[in-house]
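Colleague: Protein sequence lines correspond, in order, to chains A and G.
Each residue of the first sequence is one higher than the last, beginning at 28 in this note's numbering.
Each residue of the second sequence is one higher than the last, beginning at 28 in this note's numbering.
Where a beta carbon is used, it is the ideal one built from N, C-alpha and C, also for glycine.
Remember, predicted model here, so these are calculated numbers, not experimental data.
Protein chains: 2
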Amino acid sequence: MQAELDERKKKILHAVIRNYLETGEPVGSRTISKYTDLNLSSATIRNEMSDLEELGYIVQPHTSAGRIPTDRAYRLYVDNMMQEKDKEIEELKGLLVQTEDKMDKVLKNVAKVLATNTNYATVVSAPQIRGNRLKFLQLSRVDENQILAVIVVEGNVIRNEMIHVNETLSDETMLKLNILLNTHLTGLALEEINLGMITALKEQAGIHGDIVGEVMDAIAQAIKGEEDLEIYTSGANNIFKYPELSDNRKASELINTFEEKKALAKLATEKLSDEGNTGIQVYIGEEAPVQAMKDCSVVTATYELGEGMRGSIAIIGPKRMDYDKVVGSLRTMMNELERVYKKD
Amino acid sequence: MQAELDERKKKILHAVIRNYLETGEPVGSRTISKYTDLNLSSATIRNEMSDLEELGYIVQPHTSAGRIPTDRAYRLYVDNMMQEKDKEIEELKGLLVQTEDKMDKVLKNVAKVLATNTNYATVVSAPQIRGNRLKFLQLSRVDENQILAVIVVEGNVIRNEMIHVNETLSDETMLKLNILLNTHLTGLALEEINLGMITALKEQAGIHGDIVGEVMDAIAQAIKGEEDLEIYTSGANNIFKYPELSDNRKASELINTFEEKKALAKLATEKLSDEGNTGIQVYIGEEAPVQAMKDCSVVTATYELGEGMRGSIAIIGPKRMDYDKVVGSLRTMMNELERVYKKD
DNA sequence: ATTAGCACTCAAGCAAGATGAGTGCTAACC
DNA sequence: GGTTAGCACTCATCTTGCTTGAGTGCTAAT
Numbered sequence: 028m029q030a031e032l033d034e035r036k037k038k039i040l041h042a043v044i045r046n047y048l049e050t051g052e053p054v055g056s057r058t059i060s061k062y063t064d065l066n067l068s069s070a071t072i073r074n075e076m077s078d079l080e081e082l083g084y085i086v087q088p089h090t091s092a093g094r095i096p097t098d099r100a101y102r103l104y105v106d107n108m109m110q111e112k113d114k115e116i117e118e119l120k121g122l123l124v125q126t127e128d129k130m131d132k133v134l135k136n137v138a139k140v141l142a143t144n145t146n147y148a149t150v151v152s153a154p155q156i157r158g159n160r161l162k163f164l165q166l167s168r169v170d171e172n173q174i175l176a177v178i179v180v181e182g183n184v185i186r187n188e189m190i191h192v193n194e195t196l197s198d199e200t201m202l203k204l205n206i207l208l209n210t211h212l213t214g215l216a217l218e219e220i221n222l223g224m225i226t227a228l229k230e231q232a233g234i235h236g237d238i239v240g241e242v243m244d245a246i247a248q249a250i251k252g253e254e255d256l257e258i259y260t261s262g263a264n265n266i267f268k269y270p271e272l273s274d275n276r277k278a279s280e281l282i283n284t285f286e287e288k289k290a291l292a293k294l295a296t297e298k299l300s301d302e303g304n305t306g307i308q309v310y311i312g313e314e315a316p317v318q319a320m321k322d323c324s325v326v327t328a329t330y331e332l333g334e335g336m337r338g339s340i341a342i343i344g345p346k347r348m349d350y351d352k353v354v355g356s357l358r359t360m361m362n363e364l365e366r367v368y369k370k371d
Numbered sequence: 028m029q030a031e032l033d034e035r036k037k038k039i040l041h042a043v044i045r046n047y048l049e050t051g052e053p054v055g056s057r058t059i060s061k062y063t064d065l066n067l068s069s070a071t072i073r074n075e076m077s078d079l080e081e082l083g084y085i086v087q088p089h090t091s092a093g094r095i096p097t098d099r100a101y102r103l104y105v106d107n108m109m110q111e112k113d114k115e116i117e118e119l120k121g122l123l124v125q126t127e128d129k130m131d132k133v134l135k136n137v138a139k140v141l142a143t144n145t146n147y148a149t150v151v152s153a154p155q156i157r158g159n160r161l162k163f164l165q166l167s168r169v170d171e172n173q174i175l176a177v178i179v180v181e182g183n184v185i186r187n188e189m190i191h192v193n194e195t196l197s198d199e200t201m202l203k204l205n206i207l208l209n210t211h212l213t214g215l216a217l218e219e220i221n222l223g224m225i226t227a228l229k230e231q232a233g234i235h236g237d238i239v240g241e242v243m244d245a246i247a248q249a250i251k252g253e254e255d256l257e258i259y260t261s262g263a264n265n266i267f268k269y270p271e272l273s274d275n276r277k278a279s280e281l282i283n284t285f286e287e288k289k290a291l292a293k294l295a296t297e298k299l300s301d302e303g304n305t306g307i308q309v310y311i312g313e314e315a316p317v318q319a320m321k322d323c324s325v326v327t328a329t330y331e332l333g334e335g336m337r338g339s340i341a342i343i344g345p346k347r348m349d350y351d352k353v354v355g356s357l358r359t360m361m362n363e364l365e366r367v368y369k370k371d
């Protein structure tokens, strides 16, 4: 009962959606009658629309208003009807490639460029370093009872962690510890550092075993602690451009969500484990993984910069967002990101 | 013509302000007549209010509405009439002291606590490290042609900078460089590292002089680059609680300002150079240093954590914000911050 | 100097049309 | 049978006029 949408119904539905995307107003039969090349009178369109309503693709906000697409219609549109328009997106590339070393700056920039280019709000999450290898480790005595641990992971992600110690360590001890830890841990993935290895290291460190313990904690914390889920947002104010989102309660909620980035983290990581598809996911309305966004649509893309270094980009806008353009922008942006970074 | 506000006028003005702060509605003569202990009829109040209007302290939003205070009245209020109520602020202290080592986390927390506690939006700028001393410097070879420079400044602010080199440096060279730089630079303030010293160091480094140059650049960049002006915001959505700010255009502008943190930087640093006063500044309406905030009031406080380590906290709300409470909260928060960190 | 009283103003709320976009249905048409 | 013209109906939105009530300013009396 749902697959049978004949060609004409599809055309009409498509017209309704496109029209609504542009205007944001309910669209009526007369408009469609003129808008399409079907040369049908408004009455015929009305009959068809009536059918489409029954099938759950469009609804009237109130009797005798035009129809607006439902989530289901958007879903159909995104899955089957969308033809990408790859215009003017090329310019994005130029904006990105400049300071290629500082990862965080680049990502902030990505968020910004996408926000201004699409006129929606964007969220970029920094790469998850899960599964990545330890590249370098350095302990330094900063003063009598503070040690600075610098941890560098593949992809040049750097973490600092301060460790308090009670005893003052000599230079030789520091040197020994550094050599010990580097020789044993460098090149290992996090999963490969197991408990056995840790206890072995502690033994070798002798009386300074507890420091090794602290260092290991620091490594663990630095790498998989919540802090590593750096998130950059941009264009939050864009939501004011869409009346259906900018009534006070909703706007407030959305802005709040943007500040409380933890909810966004969920959104970002949700589908990170999914493989297979092109990496672009579209969530429409209630499909969105975050409650506050049930009146929005969210388009997410996952980028991969190397062994297990995966982050994601999300664009949040009204349900009637310009899916074509967003998906296009997102795709070029991702490619560009991967191109710039993959050489590492 | 302006100093002469007799005692009664002051009392009435005070009553008007307090009442307006609470309700947000224009306040009329009858209300005041009951609200104060002056035992005057509404008619008398009317006469006095008429005078006050002429003197520019209150205005009517339209004929036959009550009066609301002008910027000038707020200014008078803040300068002379405010008596601090230091209740319930104490609880703030508890919320703050927990993870005392990670400066950025603490500041984020400060922003958050203040925002939830006052119901206004807050901005906290991380300390300017200008004038601070270099505590520790470490160069490490991360791979063939990348060197990681870790720079620790007094107050345990840590910066990482990647340096690309063309030649691969030997372990001994690295060690030498480290010793050279640390012995000469540690303990110095930025201003004390002058050009003469730099060329001297370069000479001593011999063929690796250019690396020294890069390191110095990194130090300079890391410490006084714009990046060091880390800014934390919280409670942006609080502005939706005040109708006079939450109409779409204004809200959008404010949110935008919050995202474009550079404007806030200006606000934060503006009065950093001023000395003398308690460190708390109140900007009312047009006095605010940022255009987008001309309908708000901004209360800023400067905290000082040691030699020249100064940051600032700002609270942004409607003109009718509860100045007493805000100033109180801000003051305890600052004291607490300084107490926790000054022992370093 | 203070107050009571009264006329006046004006935002805001409400009810009663007027408007118009859009629908559903029926009967006629090809 | 599919298509269309025509018409009655619905309902959000706009307009208009009316009422209400808070609040003022002024004047005359205390």
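Cβ of A:Asn187 less than 9 Å from any chain G Cβ?
Modeller: Mapped onto the first sequence, residue 187 of chain A falls at position 160. Answer yes: the Cβ-Cβ gap between A:Asn187 and chain G drops below 9 Å somewhere.
Colleague: Taking the alpha-carbon of G:Leu25 as reference, which of G:Asn146, G:Leu222, G:Lys139, G:Arg186 has the nearest alpha-carbon?
Modeller: Missing from the structure shown is residue 25 of chain G; chain G here goes from 28 to 371 and no further.
Colleague: In angstroms, rounded to a whole number, what distance separates the CA positions of A:Lys321 and A:Lys346?
Modeller: Along the first sequence, read from residue 1 onward, the residue named residue 321 of chain A stands at position 294. Along the first sequence, read from residue 1 onward, the residue named residue 346 of chain A stands at position 319. Rounded to whole angstroms, A:Lys321 to A:Lys346 spans 9 Å at the Cα level.
Colleague: Hey, is G:Glu331 close to the ligand NAP, as in C-beta under 8 Å from one of its heavy atoms?
Modeller: As for the ligand NAP, it is missing from this structure, which has no ligand bound.
Colleague: Comparing alpha-carbon positions, which option in G:Ala315, G:Ser356, G:Val54, G:Glu218 lies nearest G:His89?
Modeller: Here residue 89 of chain G refers to the residue found at position 62 of the second sequence. Nearest C-alpha to G:His89: G:Val54.
Colleague: From the beta carbon of G:Glu280, is the nearest beta carbon of chain A less than 9 Å away?
Modeller: Taking the second sequence and counting its residues from 1, the one referred to as residue 280 of chain G is at position 253. Taking Cβ atoms only, chain A reaches closer than 9 Å to G:Glu280, which makes this a yes.
Colleague: Spatial neighbours of A:Ala42 within its chain, please: C-beta separation below 7 Å, excluding the five flanking residues on both sides.
Modeller: Here residue 42 of chain A refers to the residue found at position 15 of the first sequence. Hits under 7 Å: Ile59, Tyr62, Thr63.
Colleague: Using the C-alpha atoms, what's the distance from A:Thr284 back to G:Asp131?
Modeller: Here residue 131 of chain G refers to the residue found at position 104 when the second sequence is read from its first residue. Here residue 284 of chain A refers to the residue found at position 257 when the first sequence is read from its first residue. Straight-line Cα distance between these residues: approximately 21 Å.
Colleague: Quick one: which chain A residues come within Cβ less than 7 Å of G:Val169?
Modeller: Locating residue 169 of chain G in the second sequence gives position 142, counting from the first residue. Residues of chain A passing the Cβ test: Lys162, Phe163, Val179.
Colleague: So the candidates are G:Asn209, G:Arg45, G:Leu134; which of them puts its Cα closest to the Cα of G:Tyr101?
Modeller: If you number the second sequence from 1, residue 101 of chain G lands on position 74. That would be G:Arg45, whose Cα lies nearest to the Cα of G:Tyr101.
Colleague: Between A:Leu17 and A:Leu40, which are expected to be in contact by the criterion C-beta below 8 Å, what is the C-beta distance as a whole number of angstroms?
Modeller: Limits of chain A in this structure are 28 at one end and 371 at the other, which puts residue 17 of chain A out of reach.
Colleague: In the DSSP assignment, find the unbroken alpha helix (DSSP H) run with A:Ser77 in it and report its ends.
Modeller: Position 50 of the first sequence, counted from the start, is the residue given in the question as residue 77 of chain A. Element bounds for A:Ser77: 69–81.
Colleague: Straight-line CA distance for G:Asp98 to G:Asn264?
Modeller: Within the second sequence, numbered from 1, the residue matching residue 98 of chain G stands at position 71. Within the second sequence, numbered from 1, the residue matching residue 264 of chain G stands at position 237. So the two alpha carbons sit approximately 24 Å from each other.
Colleague: Quick one: using the 10 Å Cβ neighbour count with 16 as the cut-off for buried, is G:Ile343 buried or exposed?
Modeller: Here residue 343 of chain G refers to the residue found at position 316 of the second sequence. G:Ile343 should be labelled buried.
Colleague: Output needed for A:Gln29: all residues of its chain with C-beta closer than 6 Å, excluding positions within five of it in sequence on either side, in chain order.
Modeller: Position 2 of the first sequence, counted from the first residue, corresponds to residue 29 of chain A. Bear in mind that the predicted position of A:Gln29 carries a pLDDT of just 48, short of 50, making it unreliable; the figure below should be weighed with that in mind. So no residue of the chain qualifies.
Colleague: State buried or exposed for A:Arg366, treating a residue as buried only when at least 16 other CB atoms are found within 10 Å of its CB.
Modeller: Mapped onto the first sequence, residue 366 of chain A falls at position 339. Result: exposed.
Colleague: When burial is assigned at 16 or more other CB atoms within 10 Å of the CB, is A:Ile206 buried or exposed?
Modeller: Along the first sequence, read from residue 1 onward, the residue named residue 206 of chain A stands at position 179. Per the 10 Å Cβ criterion, exposed.
Colleague: Give me the Cβ distance between A:Ala153 and A:Gly338, rounded to the nearest whole Å; I'm assuming they're in contact under 8 Å.
Modeller: Numbered from 1 along the first sequence, position 126 holds the residue referred to as residue 153 of chain A. Numbered from 1 along the first sequence, position 311 holds the residue referred to as residue 338 of chain A. With 8 Å as the limit, A:Ala153 and A:Gly338 qualify as a contact, their Cβ atoms being about 6 Å apart.
Colleague: According to DSSP, is A:Met348 part of a helix, a strand, or is it coil?
Modeller: Within the first sequence, numbered from 1, the residue matching residue 348 of chain A stands at position 321. Looking at A:Met348 - three-state DSSP - the assignment turns out to be coil, as it is neither helix nor strand.
Colleague: For the alpha helix (DSSP H) holding A:His235, just list the boundary residues, first then last.
Modeller: The sequence position of residue 235 of chain A within the first sequence is 208, counting from 1. No alpha helix (DSSP H) holds A:His235; DSSP gives it neither H nor E.
Colleague: Taking the alpha-carbon positions, what's the G:Glu253 to G:Ala292 distance?
Modeller: Position 226 of the second sequence holds residue 253 of chain G. Position 265 of the second sequence holds residue 292 of chain G. Any answer about G:Glu253 is weak, because its pLDDT of 47 lies below 50 and its placement is not dependable; what the coordinates show is given next. Rounded to the nearest angstrom, the two C-alpha atoms are 10 Å apart.
Colleague: Taking a contact to mean a Cβ-Cβ separation below 9 Å, would you say G:Ile340 touches G:Thr149 in this structure?
Modeller: Residue numbering aside, residue 340 of chain G sits at position 313 when the second sequence is read from its first letter. Residue numbering aside, residue 149 of chain G sits at position 122 when the second sequence is read from its first letter. In contact: G:Ile340 and G:Thr149 (Cβ atoms closer than 9 Å).
Colleague: Please list, in chain order, the chain A residues whose beta carbon lies closer than 9 Å to that of G:Leu175.
Modeller: Position 148 of the second sequence, counted from the first residue, corresponds to residue 175 of chain G. Listed by position along chain A, the residues whose Cβ is nearer than 9 Å to that of G:Leu175 are Phe163, Gln165, Val177, Val179, Asn183, Ile185.
Colleague: Could you give the distance in angstroms between the alpha-carbon of G:Thr138 and the alpha-carbon of G:Ala328?
Modeller: Looking up residue 138 of chain G in the second sequence gives position 111. Looking up residue 328 of chain G in the second sequence gives position 301. In the sequence under discussion, the amino acid at residue 138 of chain G is Ala, which differs from the Thr named in the question. About 13 Å.
Colleague: Any idea which residues DSSP pairs A:Met189 with across the strands?
Modeller: Walking along the first sequence from the start, residue 189 of chain A turns up at place 162. In DSSP, A:Met189 forms a bridge with A:Leu175.
Colleague: Tell me, to the nearest whole angstrom, how far the beta carbon of A:Ile72 is from that of A:Ser91; I am working on the premise that it is less than 8 Å.
Modeller: Taking the first sequence and counting its residues from 1, one reaches residue 72 of chain A at position 45. Taking the first sequence and counting its residues from 1, one reaches residue 91 of chain A at position 64. At roughly 15 Å, the Cβ-Cβ gap does not stay under 8 Å, so A:Ile72 and A:Ser91 are not in contact.
Colleague: Closest to G:Leu103 by CA distance: which of G:His235, G:Ile190, G:Ala245, G:Leu32 is it?
Modeller: Here residue 103 of chain G corresponds to residue number 76 of the second sequence, with the count starting at 1. Checked all of G:His235, G:Ile190, G:Ala245, G:Leu32; the closest Cα to G:Leu103 is G:Leu32.
Colleague: What span of residues does the beta strand (DSSP E) with G:Tyr330 cover, start to end?
Modeller: Stepping through the second sequence from its first residue, residue 330 of chain G is reached at position 303. Note, G:Tyr330: beta strand (DSSP E), 323–331.
Colleague: Which same chain residues, not among the five before or five after A:Asn221, have their C-beta less than 7 Å away from its C-beta?
Modeller: Residue mapping note: residue 221 of chain A aligns to position 194 of the first sequence, counting from 1. There are no such residues.
Colleague: Measure the Cβ-Cβ separation of A:Val242 and A:Leu215 and say whether it is below 9 Å.
Modeller: Position 215 of the first sequence, counted from the first residue, corresponds to residue 242 of chain A. Position 188 of the first sequence, counted from the first residue, corresponds to residue 215 of chain A. In this structure, A:Leu215 does not lie closer than 9 Å to A:Val242 by Cβ.
Colleague: Buried or exposed for G:Lys417, please, with buried defined as at least 16 other CB atoms from any protein chain shown within 10 angstroms of its CB.
Modeller: Only positions 28 to 371 of chain G appear in this structure, which leaves residue 417 of chain G out of reach.
Colleague: Could you name the residues that DSSP lists as bridge partners for A:Tyr310?
Modeller: On the first sequence, residue 310 of chain A is found 283 positions in, with the first residue counted as 1. According to DSSP, A:Tyr310 bridges with A:Val325.
Colleague: Among the residues of its own chain, which have a CB less than 8 Å from the CB of A:Gly303, if the five just before and after it don't count?
Modeller: Taking the first sequence and counting its residues from 1, the one referred to as residue 303 of chain A is at position 276. Because the pLDDT at A:Gly303 is just 49, under 50, the model does not fix this residue reliably, and the value given afterwards should be weighed accordingly. Shown here for A:Gly303: not one same chain residue has a beta carbon closer than 8 Å to its own, the five before and five after excluded.
Colleague: For A:Tyr350 and G:Asp170, what's the separation of their Cα atoms in angstroms?
Modeller: Working through the first sequence from its first residue, we reach residue 350 of chain A at position 323. Working through the second sequence from its first residue, we reach residue 170 of chain G at position 143. Their backbone Cα atoms lie some 43 Å apart in a straight line.
Colleague: With DSSP collapsed to three states, give me the class of A:Asp170.
Modeller: The count along the first sequence starts at 1 and reaches residue 170 of chain A at position 143. Three-state DSSP puts A:Asp170 in a strand.
Colleague: By DSSP, does G:Leu204 sit in helix, in strand, or in coil?
Modeller: The residue given as residue 204 of chain G occupies position 177 in the second sequence. Helix, per DSSP.
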